[in-house]
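Here's the structure, in C-alpha coordinates; my notes come after.
In our numbering, the protein residues as written are -5 to 336.
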(Lines of atoms letter the chains of each structure in order from A and count residues from 1; the text may use other names and numbers.)
(Lines give C-alpha, C1' and ligand atoms only; values in the text may rest on other atoms or scores of the structure.)
Protein backbone atom coordinates (compact mmCIF):
# COMPACT_ATOMS: atom_id res chain seq x y z
CA UNK A 1 0.00 0.00 0.00
CA UNK A 2 0.93 3.64 -0.38
CA UNK A 3 0.20 5.83 2.66
CA UNK A 4 -0.21 9.60 2.39
CA UNK A 5 -1.33 12.22 4.88
CA UNK A 6 -2.15 15.92 5.03
CA UNK A 7 -2.55 18.29 7.98
CA UNK A 8 -5.14 21.05 7.56
CA UNK A 9 -7.11 23.63 9.53
CA UNK A 10 -10.74 23.88 8.46
CA UNK A 11 -12.40 27.19 9.44
CA UNK A 12 -15.72 27.31 11.28
CA UNK A 13 -18.57 29.46 9.98
CA UNK A 14 -18.82 30.98 13.45
CA UNK A 15 -16.47 30.81 16.47
CA UNK A 16 -17.36 27.54 18.20
CA UNK A 17 -17.54 27.63 22.00
CA UNK A 18 -18.19 24.81 24.45
CA UNK A 19 -17.61 24.66 28.21
CA UNK A 20 -13.96 23.74 27.55
CA UNK A 21 -13.09 26.73 25.32
CA UNK A 22 -13.47 28.45 21.93
CA UNK A 23 -11.99 27.69 18.53
CA UNK A 24 -12.27 29.29 15.09
CA UNK A 25 -10.68 26.46 13.09
CA UNK A 26 -10.77 22.67 13.31
CA UNK A 27 -7.29 21.11 13.00
CA UNK A 28 -7.63 17.90 11.00
CA UNK A 29 -5.48 15.07 9.69
CA UNK A 30 -6.44 13.36 6.44
CA UNK A 31 -5.00 10.06 5.27
CA UNK A 32 -5.02 8.07 2.04
CA UNK A 33 -4.38 4.34 1.63
CA UNK A 34 -3.75 3.41 -1.99
CA UNK A 35 -3.51 -0.09 -3.40
CA UNK A 36 -3.22 -0.88 -7.11
CA UNK A 37 -4.33 2.60 -8.07
CA UNK A 38 -7.42 2.63 -5.81
CA UNK A 39 -7.38 5.00 -2.82
CA UNK A 40 -9.41 5.01 0.39
CA UNK A 41 -9.65 8.12 2.55
CA UNK A 42 -10.00 8.80 6.26
CA UNK A 43 -9.70 11.63 8.75
CA UNK A 44 -9.14 12.43 12.39
CA UNK A 45 -9.82 15.89 13.83
CA UNK A 46 -7.45 16.95 16.60
CA UNK A 47 -9.06 17.74 19.98
CA UNK A 48 -6.99 19.50 22.63
CA UNK A 49 -8.82 18.06 25.67
CA UNK A 50 -7.94 14.58 24.40
CA UNK A 51 -4.29 15.69 24.16
CA UNK A 52 -4.23 14.99 20.43
CA UNK A 53 -2.65 17.22 17.79
CA UNK A 54 -2.30 16.85 14.03
CA UNK A 55 1.47 17.22 14.38
CA UNK A 56 1.59 14.38 16.90
CA UNK A 57 -0.49 12.12 14.65
CA UNK A 58 1.64 13.00 11.61
CA UNK A 59 4.85 12.22 13.51
CA UNK A 60 3.51 8.83 14.54
CA UNK A 61 2.51 8.10 10.94
CA UNK A 62 6.02 8.85 9.77
CA UNK A 63 7.45 6.52 12.40
CA UNK A 64 5.13 3.64 11.49
CA UNK A 65 4.72 4.31 7.76
CA UNK A 66 6.91 1.48 6.53
CA UNK A 67 5.16 -1.10 8.71
CA UNK A 68 1.71 0.13 7.67
CA UNK A 69 2.59 0.07 3.98
CA UNK A 70 3.88 -3.51 4.28
CA UNK A 71 0.62 -4.76 5.81
CA UNK A 72 -1.15 -7.28 3.57
CA UNK A 73 -4.66 -5.82 3.45
CA UNK A 74 -7.12 -8.70 3.53
CA UNK A 75 -9.84 -7.06 5.63
CA UNK A 76 -10.34 -3.78 7.52
CA UNK A 77 -11.04 -5.75 10.71
CA UNK A 78 -7.61 -7.39 10.63
CA UNK A 79 -6.03 -4.06 9.74
CA UNK A 80 -7.65 -2.42 12.78
CA UNK A 81 -6.26 -5.09 15.11
CA UNK A 82 -2.82 -4.61 13.53
CA UNK A 83 -3.03 -0.83 14.12
CA UNK A 84 -4.38 -1.30 17.65
CA UNK A 85 -1.22 -3.21 18.59
CA UNK A 86 1.13 -1.15 16.44
CA UNK A 87 0.02 2.18 17.97
CA UNK A 88 -1.60 1.48 21.35
CA UNK A 89 -3.53 4.40 22.78
CA UNK A 90 -3.61 6.24 19.43
CA UNK A 91 -7.34 5.95 18.78
CA UNK A 92 -7.63 9.15 16.74
CA UNK A 93 -4.96 8.09 14.25
CA UNK A 94 -6.26 4.53 14.20
CA UNK A 95 -9.69 5.94 13.35
CA UNK A 96 -8.40 7.84 10.32
CA UNK A 97 -6.66 4.74 8.97
CA UNK A 98 -9.61 2.46 9.78
CA UNK A 99 -12.02 4.71 7.85
CA UNK A 100 -9.58 4.78 4.92
CA UNK A 101 -9.34 0.97 4.98
CA UNK A 102 -13.11 0.58 4.87
CA UNK A 103 -13.37 3.15 2.07
CA UNK A 104 -10.72 1.21 0.14
CA UNK A 105 -12.51 -2.09 0.78
CA UNK A 106 -15.80 -0.72 -0.51
CA UNK A 107 -14.18 0.62 -3.65
CA UNK A 108 -12.41 -2.67 -4.34
CA UNK A 109 -15.66 -4.60 -3.83
CA UNK A 110 -17.60 -1.92 -5.75
CA UNK A 111 -20.15 -1.59 -2.93
CA UNK A 112 -21.17 1.18 -0.50
CA UNK A 113 -20.24 0.47 3.11
CA UNK A 114 -23.80 0.02 4.41
CA UNK A 115 -24.35 -2.67 1.78
CA UNK A 116 -21.19 -4.52 2.82
CA UNK A 117 -22.48 -4.57 6.41
CA UNK A 118 -26.01 -5.58 5.44
CA UNK A 119 -27.53 -2.33 6.71
CA UNK A 120 -30.68 -1.15 4.95
CA UNK A 121 -30.92 2.65 4.51
CA UNK A 122 -34.24 2.92 6.35
CA UNK A 123 -35.27 4.63 9.59
CA UNK A 124 -32.24 6.89 9.43
CA UNK A 125 -32.30 9.48 12.22
CA UNK A 126 -32.05 13.15 11.34
CA UNK A 127 -28.90 14.97 12.33
CA UNK A 128 -29.03 17.72 14.89
CA UNK A 129 -27.45 21.14 14.32
CA UNK A 130 -25.13 22.42 17.03
CA UNK A 131 -25.10 25.94 18.43
CA UNK A 132 -22.09 26.82 20.55
CA UNK A 133 -22.13 28.91 23.73
CA UNK A 134 -22.53 32.65 23.09
CA UNK A 135 -24.70 35.53 24.23
CA UNK A 136 -28.43 34.72 24.09
CA UNK A 137 -28.83 37.21 21.24
CA UNK A 138 -26.04 35.69 19.14
CA UNK A 139 -27.30 32.16 19.76
CA UNK A 140 -30.78 33.17 18.62
CA UNK A 141 -29.25 34.77 15.51
CA UNK A 142 -27.38 31.56 14.70
CA UNK A 143 -30.54 29.52 15.18
CA UNK A 144 -32.62 31.80 12.95
CA UNK A 145 -29.85 31.67 10.34
CA UNK A 146 -30.21 27.87 10.20
CA UNK A 147 -33.81 26.69 10.68
CA UNK A 148 -33.54 23.02 11.68
CA UNK A 149 -35.76 20.34 13.24
CA UNK A 150 -33.34 19.38 16.03
CA UNK A 151 -30.78 21.59 17.77
CA UNK A 152 -27.93 20.57 20.03
CA UNK A 153 -27.21 23.45 22.38
CA UNK A 154 -23.88 23.66 24.14
CA UNK A 155 -24.23 24.46 27.85
CA UNK A 156 -22.07 24.16 30.97
CA UNK A 157 -21.45 27.79 31.96
CA UNK A 158 -23.37 30.42 33.97
CA UNK A 159 -26.43 31.64 32.09
CA UNK A 160 -27.41 28.27 30.59
CA UNK A 161 -31.10 28.67 31.39
CA UNK A 162 -31.26 32.26 30.15
CA UNK A 163 -29.85 31.13 26.81
CA UNK A 164 -32.25 28.21 26.52
CA UNK A 165 -35.23 30.39 27.40
CA UNK A 166 -34.22 32.85 24.69
CA UNK A 167 -33.88 30.07 22.12
CA UNK A 168 -37.18 28.44 23.07
CA UNK A 169 -39.01 31.72 22.51
CA UNK A 170 -37.98 31.51 18.85
CA UNK A 171 -38.41 27.82 17.98
CA UNK A 172 -40.62 24.79 18.50
CA UNK A 173 -37.87 22.46 17.25
CA UNK A 174 -36.50 19.69 19.44
CA UNK A 175 -33.65 20.80 21.69
CA UNK A 176 -30.89 18.65 23.17
CA UNK A 177 -28.21 20.03 25.47
CA UNK A 178 -24.56 19.07 25.86
CA UNK A 179 -22.68 20.22 28.97
CA UNK A 180 -19.33 18.59 28.04
CA UNK A 181 -18.88 17.76 31.72
CA UNK A 182 -19.29 21.40 32.75
CA UNK A 183 -21.73 21.03 35.67
CA UNK A 184 -21.42 19.98 39.27
CA UNK A 185 -23.93 17.46 40.57
CA UNK A 186 -25.90 20.19 42.32
CA UNK A 187 -25.98 22.35 39.19
CA UNK A 188 -27.30 19.40 37.20
CA UNK A 189 -29.95 18.62 39.80
CA UNK A 190 -31.07 22.26 39.74
CA UNK A 191 -30.95 22.85 35.98
CA UNK A 192 -32.25 19.64 34.43
CA UNK A 193 -35.84 19.86 35.82
CA UNK A 194 -36.08 23.45 34.54
CA UNK A 195 -34.73 22.32 31.18
CA UNK A 196 -37.42 19.67 30.98
CA UNK A 197 -40.00 22.46 31.41
CA UNK A 198 -38.37 24.16 28.39
CA UNK A 199 -38.91 21.05 26.29
CA UNK A 200 -35.34 19.79 26.30
CA UNK A 201 -35.19 16.23 24.96
CA UNK A 202 -31.98 14.85 26.50
CA UNK A 203 -28.81 15.87 28.30
CA UNK A 204 -25.34 14.88 27.15
CA UNK A 205 -22.40 14.51 29.56
CA UNK A 206 -23.70 16.63 32.45
CA UNK A 207 -20.86 15.86 34.89
CA UNK A 208 -17.09 15.38 34.70
CA UNK A 209 -16.14 12.20 32.83
CA UNK A 210 -14.88 10.38 35.95
CA UNK A 211 -17.63 11.43 38.38
CA UNK A 212 -19.26 8.01 38.46
CA UNK A 213 -20.72 8.44 41.95
CA UNK A 214 -22.33 11.72 40.95
CA UNK A 215 -23.66 10.21 37.73
CA UNK A 216 -25.26 7.34 39.62
CA UNK A 217 -27.11 9.82 41.85
CA UNK A 218 -28.13 11.93 38.86
CA UNK A 219 -29.20 8.85 36.88
CA UNK A 220 -31.58 7.91 39.68
CA UNK A 221 -33.10 11.41 39.90
CA UNK A 222 -32.95 13.01 36.45
CA UNK A 223 -36.30 13.64 34.72
CA UNK A 224 -34.47 13.64 31.35
CA UNK A 225 -32.41 10.92 29.62
CA UNK A 226 -28.66 11.25 30.18
CA UNK A 227 -26.12 10.37 27.47
CA UNK A 228 -22.41 9.71 28.01
CA UNK A 229 -19.83 11.35 25.75
CA UNK A 230 -16.49 11.95 27.47
CA UNK A 231 -17.36 9.10 29.88
CA UNK A 232 -17.70 6.69 26.95
CA UNK A 233 -14.52 6.79 24.89
CA UNK A 234 -13.82 3.17 23.95
CA UNK A 235 -15.38 -0.27 23.96
CA UNK A 236 -14.54 -0.94 27.60
CA UNK A 237 -16.62 2.07 28.67
CA UNK A 238 -19.99 0.82 27.38
CA UNK A 239 -20.51 -1.52 30.33
CA UNK A 240 -19.22 1.12 32.77
CA UNK A 241 -21.88 3.56 31.53
CA UNK A 242 -24.70 1.07 32.03
CA UNK A 243 -26.67 2.11 35.12
CA UNK A 244 -25.12 5.58 35.09
CA UNK A 245 -26.42 6.85 31.73
CA UNK A 246 -29.49 6.05 29.66
CA UNK A 247 -27.50 6.18 26.44
CA UNK A 248 -24.05 6.68 24.96
CA UNK A 249 -22.59 8.92 22.30
CA UNK A 250 -20.25 6.88 20.11
CA UNK A 251 -17.70 8.97 18.24
CA UNK A 252 -15.59 7.22 15.63
CA UNK A 253 -12.58 9.42 16.33
CA UNK A 254 -12.38 8.80 20.06
CA UNK A 255 -13.16 5.06 19.96
CA UNK A 256 -10.74 4.27 17.13
CA UNK A 257 -12.90 4.07 14.02
CA UNK A 258 -15.72 2.21 12.35
CA UNK A 259 -14.52 -1.25 13.42
CA UNK A 260 -14.81 -0.75 17.21
CA UNK A 261 -17.88 1.48 16.81
CA UNK A 262 -19.81 -1.42 15.29
CA UNK A 263 -18.94 -3.58 18.31
CA UNK A 264 -19.97 -0.78 20.68
CA UNK A 265 -23.33 -0.49 18.95
CA UNK A 266 -23.95 -4.21 19.37
CA UNK A 267 -22.98 -4.14 23.05
CA UNK A 268 -25.12 -1.10 23.83
CA UNK A 269 -28.13 -2.82 22.27
CA UNK A 270 -27.47 -5.91 24.40
CA UNK A 271 -27.60 -3.62 27.46
CA UNK A 272 -30.80 -1.95 26.19
CA UNK A 273 -29.11 1.45 26.03
CA UNK A 274 -29.90 4.24 23.58
CA UNK A 275 -27.22 5.24 21.08
CA UNK A 276 -26.15 8.52 19.51
CA UNK A 277 -23.51 8.71 16.79
CA UNK A 278 -21.57 11.90 17.39
CA UNK A 279 -19.07 14.04 15.54
CA UNK A 280 -15.96 16.02 16.35
CA UNK A 281 -16.54 18.51 13.54
CA UNK A 282 -15.39 16.13 10.81
CA UNK A 283 -15.55 17.02 7.15
CA UNK A 284 -17.70 15.02 4.74
CA UNK A 285 -15.19 12.15 4.88
CA UNK A 286 -15.67 11.29 8.55
CA UNK A 287 -19.33 12.33 8.46
CA UNK A 288 -20.05 9.90 5.62
CA UNK A 289 -18.71 7.05 7.74
CA UNK A 290 -21.25 7.97 10.43
CA UNK A 291 -24.11 8.17 7.96
CA UNK A 292 -23.49 4.60 6.76
CA UNK A 293 -23.90 3.41 10.38
CA UNK A 294 -26.81 5.70 11.23
CA UNK A 295 -29.72 3.26 10.62
CA UNK A 296 -28.40 1.30 13.61
CA UNK A 297 -28.71 4.16 16.14
CA UNK A 298 -31.35 6.38 17.74
CA UNK A 299 -29.81 9.84 17.33
CA UNK A 300 -27.33 11.38 14.91
CA UNK A 301 -24.96 14.30 15.43
CA UNK A 302 -23.22 14.55 12.05
CA UNK A 303 -23.35 18.27 11.41
CA UNK A 304 -19.62 18.89 10.98
CA UNK A 305 -19.86 19.89 7.31
CA UNK A 306 -22.66 22.34 8.20
CA UNK A 307 -20.55 24.02 10.90
CA UNK A 308 -17.43 24.34 8.75
CA UNK A 309 -16.99 26.93 6.00
CA UNK A 310 -14.59 24.67 4.09
CA UNK A 311 -14.88 20.99 3.17
CA UNK A 312 -12.46 18.58 1.50
CA UNK A 313 -15.00 16.30 -0.17
CA UNK A 314 -18.33 16.38 -1.97
CA UNK A 315 -21.22 13.98 -2.25
CA UNK A 316 -22.81 14.10 1.20
CA UNK A 317 -26.22 15.71 0.76
CA UNK A 318 -28.02 17.39 3.69
CA UNK A 319 -31.69 18.37 3.56
CA UNK A 320 -33.48 21.14 5.44
CA UNK A 321 -35.58 18.54 7.27
CA UNK A 322 -32.41 17.22 8.93
CA UNK A 323 -32.08 14.08 6.83
CA UNK A 324 -28.86 13.12 5.08
CA UNK A 325 -29.02 11.00 1.94
CA UNK A 326 -27.35 7.62 2.32
CA UNK A 327 -24.31 7.73 -0.02
CA UNK A 328 -24.61 5.08 -2.71
CA UNK A 329 -21.15 5.43 -4.24
CA UNK A 330 -18.57 2.77 -3.51
CA UNK A 331 -16.97 2.83 -0.06
CA UNK A 332 -17.79 6.05 1.78
CA UNK A 333 -19.46 7.37 -1.36
CA UNK A 334 -17.86 10.82 -1.28
CA UNK A 335 -15.41 12.39 -3.73
CA UNK A 336 -12.26 13.93 -2.28
CA UNK A 337 -11.29 17.20 -3.90
CA UNK A 338 -8.30 17.00 -6.21
CA UNK A 339 -4.97 18.06 -4.81
CA UNK A 340 -5.80 17.28 -1.20
CA UNK A 341 -2.52 15.45 -0.65
CA UNK A 342 -0.33 17.72 -2.80
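Note that beta-carbon positions come from the ideal geometry of N, C-alpha and C, so glycine has one too.
Residue from the options with nearest C-alpha to residue i
i, options, result
"residue 190", "204, 206, 159, 210", "159"
"residue 155", "141, 128, 135", "128"
"residue 231", "53, 262, 208", "262"
"residue 100", "225, 150, 326", "326"
"residue 12", "87, 275, 94", "275"
"residue 102", "68, 169, 91", "68"
"residue 179", "201, 187, 150", "201"
"residue 332", "26, 21, 161, 130", "26"
"residue 252", "18, 52, 73, 14", "73"
"residue 174", "193, 167, 205", "205"
"residue 19", "213, 299, 317, 239", "299"
"residue 213", "17, 114, 291, 237", "237"
"residue 93", "289, 143, 256, 336", "256"
"residue 302", "87, 10, -1", "10"
"residue 148", "194, 166, 106", "194"
"residue 167", "29, 144, 292, 203", "144"
"residue 119", "305, 14, 297, 335", "297"
"residue 47", "217, 207, 139, 24", "24"
"residue 286", "7, 217, 108, 60", "108"
"residue 192", "207, 218, 177", "218"
"residue 22", "183, 8, 52", "52"
"residue 55", "34, 42, 77", "77"
"residue 110", "140, 137, 71", "71"
"residue 290", "140, 113, 4", "113"
Start-to-end residues for the beta strand (DSSP E) that takes in residue i
i, result
"residue 20", "15 to 29"
"residue 338", "In the structure as shown, the chain begins at -5 and stops at 336. Residue 338 is therefore absent and cannot be evaluated."
"residue 170", "168 to 172"
"residue 270", "268 to 272"
"residue 34", "32 to 39"
"residue 1", "-4 to 12"
"residue 113", "Run containing residue 113: none; DSSP gives neither H nor E here."
"residue 146", "144 to 148"
Buried or exposed (CB count within 10 angstroms, at least 16 for buried), residue i
i, result
"residue 45", "exposed"
"residue 215", "exposed"
"residue 57", "exposed"
"residue 75", "exposed"
"residue 37", "buried"
"residue 313", "exposed"
"residue 116", "exposed"
"residue 210", "exposed"
"residue 240", "buried"
"residue -1", "buried"
"residue 157", "buried"
"residue 106", "buried"
"residue 87", "buried"
"residue 265", "exposed"
"residue 95", "buried"
"residue 182", "buried"
"residue 82", "exposed"
"residue 336", "exposed"
8 Å Cβ shell around residue i - same chain, five flanking residues per side excluded
i, result
"residue 295", "121, 122, 124, 146, 243, 270, 271, 272, 273"
"residue 309", "278, 282, 321, 323, 327, 328, 329"
"residue 235", "222, 225, 226, 242, 267"
"residue 32", "98, 101, 102"
"residue 315", "120, 143"
6 Å CB neighbourhood of residue i in its chain, flanking five on each side removed
i, result
"residue 223", "198, 199, 243"
"residue 311", "319"
"residue 62", "-3"
"residue 254", "229"
"residue 89", "38, 246, 247, 250, 251"
"residue 280", "37"
Bridge partners - residue i, DSSP secondary structure assignment
i, result
"residue 241", "221, 268"
"residue 198", "172, 221"
"residue 236", "239"
"residue 119", "Answer is none; residue 119 lacks a bridge partner."
"residue 291", "Paired residue(s): none; residue 291 is not in a bridge."
"residue 302", "6"
"residue 325", "106"
"residue 318", "312"
"residue 262", "Note: residue 262 sits in no beta bridge, so no partner."
Sequence-distant residues of its chain with Cβ nearer than 7 Å to residue i (five each side left out)
i, result
"residue 248", "44, 85, 227"
"residue 258", "229, 232, 244, 249"
"residue 355", "In the structure as shown, the chain starts at -5 and stops at 336, and residue 355 therefore has no counterpart that could be examined."
"residue 134", "160, 161, 164"
"residue 293", "119, 270"
"residue 334", "0, 24, 306"
"residue 196", "170, 218, 219, 221"
Range of the contiguous alpha helix (DSSP H) that encloses residue i
i, result
"residue 247", "246 to 249"
"residue 127", "Note, residue 127: premise wrong, no alpha helix (DSSP H); not H, not E."
"residue 226", "It is not in any alpha helix (DSSP H) - residue 226 carries neither H nor E in the DSSP assignment."
"residue 285", "278 to 287"
"residue 188", "179 to 191"
"residue 48", "48 to 64"
"residue 207", "206 to 215"
"residue 72", "70 to 80"
Near the ligand GDP: residue i beta-carbon under 7 Å from a heavy atom
i, result
"residue 8", "In the structure on display, the ligand GDP does not appear, and there are no ligands present to speak of."
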